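Residue numbers (the numbering used here), protein chains in the order written: chain B, 1 to 507; chain W, 1 to 324; chain U, 1 to 288.
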């Protein structure tokens, strides 16, 4: 009994001796740790979300996805393949060294030249591929040269964070990956891997993009990104007041957060387009009438309302309404009778059976879709896969239909229309192949001389897809954040990056 | 044996569909076939199966497990960061399980069919029949959200000044003589250790009970009783010592399973352990990292088996003599 | 079962209670298609996340509430139990049979045979479970029988190790030596003495493992490798409900209770069986 008392007393002591994280320490609960702190060596969304606070890029985006200057003051496209960037003066790295054009050249070369990071090539090369050279014209002027005309260059640049030449060369790639030095609003303090990344404001910060006020050093005293992979745990930590921003909240949990007077829900339309894709290389989905029947059988608005909490925007084709390339087209109306008629016309008056594949996040959506398809006489089974297993089967065209999405963080069609549907592309799981579509892509990418003709080509292509339906476009879902009411000066951004430069924490 | 395990895993991974490079590159931006081929080449994935395995073994013998495709850092350093977290949590949980499970089992056996026995049975069963994530989340909601007595998740707060050296934070805190850090680490340990130990505790209790009941019936126990030894000496010195045999086998197995990383608890409590690392590696087909993890498991099992075997000899003189 | 054992079992009230619990649950689950009030697979999106006891507009009662797709939890728990219990029994049955057989042979025959099986068991134990499960499901596709295979694959080792270590001890026990000296055949020793004496442990292990298998099924189903939707299992329903734990506790709780009651019943029954089957413990009650 005495032992029990001892144990309970010491447990109580433990319980009450919490370590306060007082002051203006803003904690973000994020669902995955950074893979590395080297901005040149990853392909991972959460890593970019975190690094964004320690590094800046030549340009950045506002929370409405407009591209604005950051480390570059301005830029001009001097020819089809040459761009000149004029850099901001007076910017310093976290170690005090001035930022110059040499750093930009170093960053670009580290990204596009082979074997530059610990003997390996940067995995981000593909995100800058048409760039062949970077030349420092003077201390604050850089010229980028592309192999072919590459109008989308500027849309990719916010994702290329600039790294310090002098520091990386001095400490080496491996040390840099764990002890980063950037030009961003926050400087690195410590990384307890798998647990947290701690940053503090850089006192000599130049203030960030003048296009996004207020300009100046960060207001917070400290920022901590806490790794909390389990959704319910993130919500629990938010409710307990241990974190102030929680990422990736599922729509079902919104009422729970709204019921808490200390919390609010912030949502922003994301950049991932969701589809019901079909294998168009074999029956039954090689028949356009069948694909249209599917489109008519889906009550997309109902799914959005009930499964996604109303937080998604239906799309008529591939592009998000936020993209300047978006083409507003009529959607296929929900019409089960029409769907049945089309199926009968295609020779399936009794319907047919197939398996609808998906990954775990789409399970509920797939189940509801299967229900709707059953209404028009189709016998649909749902199979949930781990992505690693499903992907090779999709690439081998062994499956019939599946629900999936594709990220389009740049909002440029290059990033989604080409990989998703051009003949033979790696994301073209449906096996769609159209000379017209491929031609339009080629025209927009290499031939179009003006922004207008490029836009026209992409919009025509979207119309083509809406007509031929190798995939039934579903929606662009909103990304939902749970946020403490103490947080001010922060807006979620469609590209999912969390920039805390202008955030503050009320007492 | 270790060689066998790694070979089988290598073969399985090789047979399993899924391309690490495809998964790694994800969906951002246009990616050319040349780029995929180059990454495959850089990681030696373009080589024939046996060449890849041979290289792995040759490197592993030199203590180099290669570079993770996803993390792009040496596998050895990734494992070195996560293994101590898992080991610390597991040992702490095992300690709790033993401290509670063995006495509870003894009491249940001695007071068989009593109210205590029945209550113990029901509690033990509750422990094994709750899904780990369910128990974990309930603990979080109760103790972290509502009572706010323990932190929701993580392993260490910021501001303790603790510098991780061994990776075993309790040990680090002791070495650096930082009491506040020690308390902070313990606070983070309580809930995940509780969730981890629930199953083990139940298993220990049940096994101690059943095997003690058996040994209490053995000749030598009757003899000891007949010699007039006090009942608690009979139970503790004679019966329990022999009754612990199957318990140790089971515990060693259980410990091994837990050391390979309790994925569920690690996820719920944001615990930076090896289980989560390796499961993610499997899902992303990060072959070098999976191999490194498997090697760790294999070595752990060998070590635990050895320990279990040694403890048999120590606890059961018959086997000890039988071996001689 | 011998008559004396049966009487002993019946005398044990806890065990009887356990047996009744298991039979009741088994019956309810077996009769699910006839007694479930709703279709377990189809939901009504207008009736999402309804609390237990909710009565819909058109009159149907959702006794245990509905899930996030408006499916009736009671019906899902009833139907889910069919899958979970079948899986648990099948996996543990096969594994225990395999483990006991190999464990006895290993301990009794010793030598080369013991070494080989022991090494295989070691390799399997050292083998990370998920690697195997994912690889297998990748090769042959997810499905019920594949799931059984994936679970048995490692599960038998547990019984094997415990049985082997017990049998090793028993082999040198006085009564076995005596029986051997009296000229009993090896088969008789194996079955009459060793098997009957390791059975209690096997039963204890089996009962504890049924719950484990059901829970493991939940983890695998959660990774998309187990029971395929829309088919529910207890594990699937619990995993489905975990994101709704704050708002709709009933989704995970009722299948959780079902698992708990089932495991409790099987365990109490196992205890009773153990006492009844164990010849040494049975003599305890015969006055000396």
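All C-beta atoms, glycine included, are put in the ideal place defined by N, C-alpha and C.
Everything numeric in this text was worked out from a predicted model, so none of it was measured.
The straight-line gap separating the alpha-carbon atoms of residue 409 of chain B and residue 272 of chain B is approximately 8 Å. For residue 33 of chain U, the closest C-alpha among the options U:16, U:77 and U:61 is that of U:77. Beyond the five residues adjoining it in sequence on each side, residue 289 of chain W comes within less than 6 Å, by CB distance, of 68, 75 and 281 in the same chain, given in chain order. Chain-order list of chain U residues neighbouring residue 246 of chain W: 162, 165, 166 and 201, by C-beta distance under 8 Å.
Within 7 Å of the CB of residue 249 of chain W, the CB atoms of chain U belong to 161, 162 and 165, in sequence order along the chain. Straight-line measurement puts the Cα of residue 329 of chain B at about 50 Å from the Cα of residue 291 of chain W. Shown here, residue 219 of chain B sits in coil according to DSSP, grouped into three states, outside any helix or strand. Look at the stretch 215-245 of chain U: the residues with a C-beta under 7 Å from a C-beta of chain W are 215, 218, 219, 238, 242 and 245. The secondary-structure analysis by DSSP pairs residue 60 of chain B across a beta bridge with B:68. Boundaries of the alpha helix (DSSP H) around residue 60 of chain W: 49-61.
Residue 112 of chain W carries a coil assignment under DSSP once its states are collapsed to helix, strand and coil.
The residue from W:55, W:156 and W:127 with its alpha-carbon nearest to that of residue 100 of chain W is W:127.
Against chain W, the beta carbon of residue 240 of chain B has neighbours under 9 Å at 140, 144, 145, 146, 148, 151 and 152, listed in chain order.
Bridge partners of residue 475 of chain B according to DSSP: B:274 and B:314. Per DSSP, the unbroken beta strand (DSSP E) holding residue 354 of chain B starts and ends at 353-358. For residue 480 of chain B, DSSP records a beta bridge to B:267. Judged by pairs of C-beta atoms under 8 Å, the stretch 331-343 of chain B touches the stretch 289-308 of chain B, as three or more such pairs exist. Taking each of B:174, B:65, B:147 and B:218 in turn and checking the Cα distance to residue 53 of chain B, the smallest one comes out for B:218. Using a CB distance cut-off of 8 Å, residue 196 of chain B counts as an interface residue toward chain W. Three or more beta-carbon pairs separated by less than 8 Å link the stretch 130-147 of chain B to the stretch 92-112 of chain B, which places the two stretches in contact. Apart from the 5 residues on each side of it in sequence, residue 133 of chain W sits with its Cβ closer than 6 Å to the Cβ of 264 and 268 in its chain, given in chain order.
Each residue's CA atom was taken as its position, placing residue 253 of chain U and residue 255 of chain B some 20 Å apart. Using beta-carbon distances, residue 19 of chain W counts as an interface residue toward chain B, with a partner under 8 Å. The criterion of a C-beta distance shorter than 8 Å is not satisfied by residue 187 of chain B and residue 167 of chain B. Comparing alpha carbon positions, the residue from B:125, B:148 and B:51 closest to residue 445 of chain B is B:148. The beta carbon of residue 254 of chain U does not come within 8 Å of any beta carbon belonging to chain W, so the residue lies off that interface. For residue 402 of chain B, the enclosing beta strand (DSSP E) has its first and last residue at 401-407.
If you ignore the 5 residues before and after residue 176 of chain B, its C-beta comes within less than 6 Å of the C-beta of 38 and 168, all in its own chain and listed in chain order. Of all C-beta pairs linking the stretch 161-171 of chain W to the stretch 101-112 of chain W, fewer than three are shorter than 8 Å, placing the two stretches out of contact. Closer than 8 Å to the CB of residue 66 of chain B there is not a single CB belonging to chain U.
Counting only runs that start and end inside the stretch 128-202 of chain U, the alpha helix (DSSP H) elements of at least 4 residues fall at 129-140, 144-171 and 174-181. Residues of chain B with a Cβ closer than 7 Å to the Cβ of residue 71 of chain W are, in chain order, 35 and 36. For residue 86 of chain B, there is no enclosing alpha helix (DSSP H); the residue is found in the beta strand (DSSP E) stretching over 82-87.
At a cut-off of 8 Å between beta carbons, residue 26 of chain W contacts chain B. Flagged as an interface residue toward chain U: residue 232 of chain B, by a C-beta distance shorter than 8 Å. Chain-order list of chain W residues neighbouring residue 53 of chain B: empty, with the shortest C-beta distance near 16 Å, by a criterion of under 8 Å.
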